[in-house]
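Written below as structure tokens is the structure these notes are about.
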Amino acid sequence: MAEFLSEEYISEVREVFALFDNDGTVNSRILDEMLKSADVDGDGRIDYEKFVKMMMQG
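Take 1 as the starting number for the sequence shown in the working numbering and just add one per residue.
Spelled out as structure tokens, the structure:
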């Protein structure tokens, strides 16, 4: 899949991954916390709008 992505995009993805990186793996506790905070209406789902808001909050 990476062969279809630009170097710039891959670099950006690596930077975002590094925010969650825990020795080469993503810490599920951190992701759980992020998803819970993004689920502002408590429906148990993260739609596109919620996802964008979550990513913009950094």
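Beta carbons are placed, not taken as given, at the ideal position from N, Cα and C, and that holds for glycine.
Leaving aside the five residues before and after residue i along the sequence, list all residues of the same chain whose C-beta is less than 8 Å from its C-beta, in chain order.
{"i": "residue 39", "result": "45, 46 and 50"}
{"i": "residue 23", "result": "none"}
Helix, strand or coil for residue i, going by three-state DSSP, please let me know.
{"i": "residue 40", "result": "coil"}
Going by DSSP, what residue range makes up the alpha helix (DSSP H) through residue i?
{"i": "residue 10", "result": "7 to 20"}
{"i": "residue 51", "result": "48 to 57"}
Which residue from the options puts its Cα closest to that of residue i?
{"i": "residue 52", "options": "43, 35 and 3", "result": "35"}
Is the shortest distance between the beta-carbon of residue i and the beta-carbons of chain B less than 8 Å?
{"i": "residue 18", "result": "Any reference to chain B falls outside this structure, which holds one protein chain only."}
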